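Visitor:
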Amino acid sequence: MRIGRAAAISNAVRHNREDRKRRERIKFTAPKPDAENKQESQDDNNTSQDDYMIDIEDINLQEGSDRKIVFRKYPFAMWIIGTFILILAIYCLYHITLGFLGTVVDGYKDASWWQVLVILALFGLSGVFFFAAKIETVTFDKTKDEFSRKKLNTFCIKKGKEYKLSDISDIRIEKRGHDNVHTNTIHFKIIIDFKNNESVNLLESRKEDKVIRQVLFIKRFLGMIDTQFGNNAHIDNAMDIL
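Numbered by the UniProt record's numbering, the letters in the sequence shown go through residues 1 to 242 in order.
1) What are the boundary residues of the alpha helix (DSSP H) that L222 is part of?
2) Which term fits K207, buried or exposed, when burial requires 16 or more other beta carbons within 10 angstroms of its beta carbon?
3) Taking the alpha-carbon positions, what's the T183 to K144 distance?
4) I'd like to know whether the C-beta atoms of I191 and K175 end up nearer to each other than 8 Å.
5) For N180, is the classification buried or exposed, using 16 other Cβ atoms within 10 angstroms of its Cβ as the cut-off for buried?
6) Which of helix, strand or coil does DSSP assign to S205?
7) Quick check: the Cα distance between A77 and V215, rounded to an integer number of angstroms?
8) Hey, how far is the Cα of residue 284 from the Cα of G177?
9) What would DSSP say about R190, mapped onto helix, strand or coil?
10) Judging by CA-CA distance, which residue of I173, I59, A121 and G127 is the nearest neighbour of F155?
11) Just tell me which of V118, I69 and P75 has its CA closest to the CA of I90.
12) Under the assumption that I168 contacts F147 (Cβ atoms under 8 Å), give the Cβ distance between them as a whole number of angstroms.
13) What are the boundary residues of the beta strand (DSSP E) that S148 is part of?
14) Taking the straight line between their C-alpha atoms, what separation do you get for E162 and L122?
15) Can you give me the start and stop residues for the beta strand (DSSP E) that G160 sits inside?
16) Measure the beta-carbon distance from I173 to V211 and round it to whole angstroms, keeping in mind my assumption that it falls under 8 Å.
17) Quick check: T139 and V70, are their CB atoms within less than 8 Å of each other?
18) Are there 16 or more other CB atoms within 10 angstroms of the CB of K159, so buried, or fewer, so exposed?
19) Got a sec? Which residues, its chain only, sit under 6 Å from F131 by beta carbon, not counting five neighbours each side?
20) Classify S112 as helix, strand or coil using the three-state DSSP reduction.
Here's what the structure looks like:
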């Protein structure tokens, strides 16, 4: 009996030691629940902020700082159409003058007047597209207290004007065009209103969301809206303050 009782006591002591060691291992190796929850919460917040952040690449922002922002819009569609028409005009000109392989006529003297007229019209039309295609640059500069809007076409003809930032009274969005069964000319423009009742429109686009984001960014830069709202505002709620 004494031997059995001693064996039982020995086993109990050994089990207690093993349980103590196991608890110590768990104590030092178990993850911290608070840290996990905090990390998950932070990840959720980051995801939420990413959903609401304004993508600067999507709003044509060329340069941005606390003192100066520059928007630049390139007329890629006009350039593509103008280039296509120019290539077509050059091909037609080659076809009636210098083309010796499979040409319809032998040379310029044999060309009909309407063919020459079509070629001239194509060259003129391509020139119209290149002339109308303007690179628009909009600058807000707090250091100089200056707002400027400049346009430069393909022929390097520049046109622009400067205003004072302090004279800006409001920035809004204006919807223009018509939408019917046959055509849809709906587009949006940013309107800058000044204290002297003068207005300037800029950064025209067919994308309403894009124009809203641009206005949010400009208003946040000028301090017209809350900074936190400008950073994280959802696009569906943006019109409440515009």
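For glycine and all other residues, C-beta sits at the position ideal for the given N, C-alpha and C.
Note that the coordinates shown come from a computational prediction; the quantities given were computed from them, not determined experimentally.
Guide: On the basis of the data shown:
1) Taking the first residue of the sequence shown as position 1, residue 222 is located at position 222. Where L222 is concerned, the enclosing alpha helix (DSSP H) stretches over E208 to L222.
2) For this step, residue 207 is matched to residue 207 along the sequence shown. Label assigned to K207: exposed.
3) On the sequence shown, residue 183 is found 183 positions in, with the first residue counted as 1. On the sequence shown, residue 144 is found 144 positions in, with the first residue counted as 1. T183 and K144: Cα-Cα distance of roughly 44 Å.
4) Residue 191 sits at position 191 when you count from the first residue of the sequence shown. Residue 175 sits at position 175 when you count from the first residue of the sequence shown. No, these two residues do not count as a Cβ contact at 8 Å.
5) To locate residue 180, count along the sequence shown from 1; it is residue 180. The residue in question, N180, is exposed, as its Cβ has fewer than 16 Cβ neighbours within 10 Å.
6) The count along the sequence shown starts at 1 and reaches residue 205 at position 205. Correct three-state label for S205: strand.
7) Mapped onto the sequence shown, residue 77 falls at position 77. Mapped onto the sequence shown, residue 215 falls at position 215. About 23 Å.
8) Any answer about residue 284 is impossible in this case: the structure gives the chain only from 1 up to 242.
9) If you number the sequence shown from 1, residue 190 lands on position 190. In the sequence on display, residue 190 carries Ile and not Arg. It is a strand residue.
10) To locate residue 155, count along the sequence shown from 1; it is residue 155. Residue G127 is the option with its Cα nearest to F155.
11) Locating residue 90 in the sequence shown gives position 90, counting from the first residue. Taking only the C-alpha atoms, the option nearest I90 is V118.
12) As a working note, residue 168 is residue 168 in the sequence shown. As a working note, residue 147 is residue 147 in the sequence shown. About 7 Å; that satisfies the 8 Å criterion.
13) As a working mapping, residue 148 is identified with position 148 in the sequence shown. Its beta strand (DSSP E) spans residues E146 to N153.
14) Here residue 162 is taken as the residue at index 162 of the sequence shown, counted from 1. Here residue 122 is taken as the residue at index 122 of the sequence shown, counted from 1. So the alpha carbons of these two residues sit roughly 37 Å apart.
15) Within the sequence shown, residue 160 is the residue found at index 160, counting from 1. K158 to K164 is the extent of the beta strand (DSSP E) around G160.
16) Counting from 1 along the sequence shown, the entry for residue 173 is found at position 173. Counting from 1 along the sequence shown, the entry for residue 211 is found at position 211. Right, their Cβ atoms sit about 6 Å apart.
17) As a first step, residue 139 is located in the sequence shown; it is residue number 139 there, counting from the start. As a first step, residue 70 is located in the sequence shown; it is residue number 70 there, counting from the start. Result yes, Cβ atoms of T139 and V70 sit closer than 8 Å.
18) As a position in the sequence shown, residue 159 is number 159, starting the count at 1. K159 should be labelled exposed.
19) Here residue 131 refers to the residue found at position 131 when the sequence shown is read from its first residue. Excluding positions up to five away in sequence, the list reads N153.
20) Translated into the one-based positions of the sequence shown, residue 112 becomes position 112. The answer is coil: DSSP assigns S112 none of H, G, I, E or B.
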